[in-house]
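Peer 1:
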């Protein structure tokens with residue numbers, strides 16, 4: 275029997291997240307071969323009178339391809355796929371069912387080639403600014419293991435956080451958006467962290483189910499050269515098949531001048547991809563009420579309640595700060611009391627303490643208040 279939660283999720287993806295219209299083309303890219311969900315998405319696209327195209331990617335085959343990448347080969351791939359991406363009004367990426375560490379032993383130079391010669395022209399320059407897109411991970415036993423949960427418990431968790439009432443969450447985000455757009459100076463303090471920067475004049479964008487599922491963050495970008503201080507992340511981060519822990523970044527005039535982790539060499543190799551990789555492209559506050567613990571999956575971890583992420587690399591066109599890079603690495607810091615606590619100040623006013631908002635107009639974003647509103 276088909277799980278009705280899958281049908282509901284497919285409907286959210288096609289009709290809410292992508293807002294697909296009659297006659298529009300949509301690319302469904304499935305990394306991990308998740309047949310049941312992809313088939314449900316295709317059905318939802320046809321019911322919306324859209325035109326689906328599906329690209330199935332197997333992790334082991336992709337790893338084999340990556341081992342021999344050349345600039346000329348990737349330029350050819352990019353030329354073909356850029357045309358397809360340009361023709362599509364929307365894009366859904368489903369990730370899951372494969373080993374997230376599959377590319378961990380692919381040489382760094384091959385990963386860099388992919389970012390520069392394929393990821394940047396196809397995704398950074400076409401998909402991100404010119405399509406209505408949404409990215410999600412789909413539950414598997416491997417993901418459950420990664421999260422330290424049983425498969426059944428993880429599936430229940432997955433559908434709870436993905437199928438929440440995004441319209442209600444969107445309304446609760448509005449006061450935070452308005453406050454951030456009135457803010458000049460941000461000061462973040464916590465264990466090993468004393469960070470200051472400006473977001474003056476920058477737009478604040480609420481992520482309420484239109485780009486990522488699960489969703490739940492408000493993002494902007496710091497003024498590029500305003501970042502000063504030190505940031506100690508406390509959440510493991512998976513990038514290009516490697517898990518980085520205890521990442522610590524030191525900033526001077528916006529630039530990362532010192533970077534250490536359990537994989538310091540590999541960390542700095544990524545940050546040396548191009549000039550923009552050592553500057554910050556995004557500052558975001560996580561507010562999904564149902565996500566509390568990291569699982570080394572950015573799509574979930576960056577939405578953790580009581581967290582923020584501070585992202586080396588490319589800034590988004592919706593909140594640009596002039597920083598361009600082939601890198602966009604969402605690194606997460608959790609400020610709840612059970613992770614050491616911390617404070618966030620906007621123009622010297624305390625906004626959030628130990629992961630909970632303290633201003634009356636923002637209380638609806640705290641988990642207990644949001645759940646009360648849904649009851």
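In this note's numbering, the protein residues as written are 275 to 649.
For every residue, glycine included, the Cβ atom is placed at its ideal position computed from N, Cα and C.
Please report the straight-line C-alpha distance between residue 563 and residue 299, rounded to a whole angstrom.
Peer 2: Walking along the chain shown from the start, residue 563 turns up at place 289. Walking along the chain shown from the start, residue 299 turns up at place 25. Straight-line Cα distance between these residues: approximately 33 Å.
Peer 1: Would you call the stretch 426 to 437 in contact with the stretch 468 to 482, where contact means no fewer than 3 C-beta pairs closer than 8 Å?
Peer 2: no
Peer 1: Excluding the 5 residues preceding and the 5 following residue 591 in the sequence, name in chain order all residues of the same chain whose CB lies nearer than 6 Å to its CB.
Peer 2: Residue mapping note: residue 591 aligns to position 317 of the chain shown, counting from 1. Around residue 591: 403.
Peer 1: Ordered along the chain, which non-local residues of its own chain (more than five positions away) have a Cβ less than 8 Å from that of residue 287?
Peer 2: Start at 1 with the first residue of the chain shown, and residue 287 comes out as number 13. Cβ neighbours of residue 287 beyond the five flanking positions: 315, 318, 366, 408, 410, 487.
Peer 1: By Cβ distance, which residues of its chain are closer than 8 Å to residue 535, with the 5 residues on each side in sequence left out?
Peer 2: Looking up residue 535 in the chain shown gives position 261. Counting only Cβ-Cβ distances below 8 Å, and skipping sequence neighbours, we find 518, 519, 520, 521, 522, 541.
Peer 1: In chain order, what residues of the same chain lie with their CB nearer than 6 Å to the CB of residue 649, ignoring the 5 residues before and after it?
Peer 2: The residue given as residue 649 occupies position 375 in the chain shown. For residue 649, the predicted structure reports a pLDDT of 48, less than 50, and the residue's modelled location is therefore unreliable. The matter cannot be settled from this model.
Peer 1: Buried or exposed, going by whether 16 or more other CB atoms sit within 10 Å of the CB of residue 577?
Peer 2: As a working note, residue 577 is residue 303 in the chain shown. Around the beta carbon of residue 577, a 10 Å sphere encloses 16 or more other beta carbons of the protein chains shown; the residue is thus reported as buried.
Peer 1: Looking at residue 348 and residue 320, is the spacing between their C-beta atoms short of 8 Å?
Peer 2: For the purposes of this step, residue 320 is taken as residue 46 along the chain shown, with counting starting at 1. For the purposes of this step, residue 348 is taken as residue 74 along the chain shown, with counting starting at 1. Against a cut-off of 8 Å, the Cβ pair of residue 348 and residue 320 comes out as no contact.
Peer 1: Look at residue 406 and residue 305 and say whether their C-beta atoms are less than 8 Å apart.
Peer 2: Here residue 406 corresponds to residue number 132 of the chain shown, with the count starting at 1. Here residue 305 corresponds to residue number 31 of the chain shown, with the count starting at 1. No.
Peer 1: Identify every residue that forms a DSSP beta bridge with residue 329.
Peer 2: Taking the chain shown and counting its residues from 1, the one referred to as residue 329 is at position 55. Answer is 303.
Peer 1: Pull up the DSSP beta-bridge partners for residue 412, would you.
Peer 2: Position 138 of the chain shown, counting from 1, holds the residue named residue 412. Answer by DSSP bridge pairing: none, since residue 412 is not bridged.
Peer 1: What would DSSP say about residue 649, mapped onto helix, strand or coil?
Peer 2: Counting from one through the chain shown, the residue named residue 649 turns up at place 375. Any reading at residue 649 is ruled out, since the residue's pLDDT is 48, under 50, leaving its predicted position unreliable.
Peer 1: Which whole-angstrom value is the C-beta distance of residue 340 and residue 377, which I expect to be below 8 Å?
Peer 2: By one-based count along the chain shown, residue 340 stands at place 66. By one-based count along the chain shown, residue 377 stands at place 103. About 6 Å separates the two Cβ atoms, so the contact holds.
Peer 1: With H, G and I counted as helix, E and B as strand and the rest as coil, what does DSSP make of residue 504?
Peer 2: Against the chain shown, residue 504 aligns to sequence position 230. Here residue 504 carries a strand assignment [DSSP, helix/strand/coil].
Peer 1: Could you tell me whether the Cβ atoms of residue 652 and residue 593 are closer together than 8 Å?
Peer 2: In the structure displayed, the chain extends from 275 to 649; residue 652 sits before or after that span and is not available.
Peer 1: If you pair each beta-carbon of the stretch 612 to 628 with each one of the stretch 460 to 467, do three or more pairs fall below 8 Å?
Peer 2: yes
Peer 1: Which term fits residue 350, buried or exposed, when burial requires 16 or more other beta carbons within 10 angstroms of its beta carbon?
Peer 2: In the chain shown, the residue the question calls residue 350 occupies position 76. Residue 350 is exposed by the Cβ-count criterion.
Peer 1: Can you give, in chain order, each stretch of the alpha helix (DSSP H) that sits fully within the stretch 551 to 589 and has at least 4 residues?
Peer 2: 572 to 575
Peer 1: For a test of the three-state rule: what should DSSP assign to residue 406, helix, strand or coil?
Peer 2: For the purposes of this step, residue 406 is taken as the residue at position 132 of the chain shown. It is a strand residue.
Peer 1: From what residue to what residue does the alpha helix (DSSP H) around residue 312 run?
Peer 2: Counting from 1 along the chain shown, the entry for residue 312 is found at position 38. First-last of the alpha helix (DSSP H) with residue 312: 309 to 321.
Peer 1: Looking at the structure shown, is residue 472 part of a helix, part of a strand, or coil, going by DSSP?
Peer 2: For the purposes of this step, residue 472 is taken as the residue at position 198 of the chain shown. Residue 472 falls in the strand class under three-state DSSP.
Peer 1: If you draw a straight line from the C-alpha of residue 387 to the C-alpha of residue 399, how long is it?
Peer 2: The sequence position of residue 387 within the chain shown is 113, counting from 1. The sequence position of residue 399 within the chain shown is 125, counting from 1. Whole-angstrom Cα-Cα distance: 16 Å.
Peer 1: In terms of residues, what are the limits of the beta strand (DSSP E) holding residue 531?
Peer 2: The sequence position of residue 531 within the chain shown is 257, counting from 1. 529 to 534 is the extent of the beta strand (DSSP E) around residue 531.
Peer 1: Hey, how far is the Cα of residue 373 from the Cα of residue 588?
Peer 2: Translated into positions along the chain shown, residue 373 becomes position 99. Translated into positions along the chain shown, residue 588 becomes position 314. Their Cα atoms are separated by approximately 26 Å.
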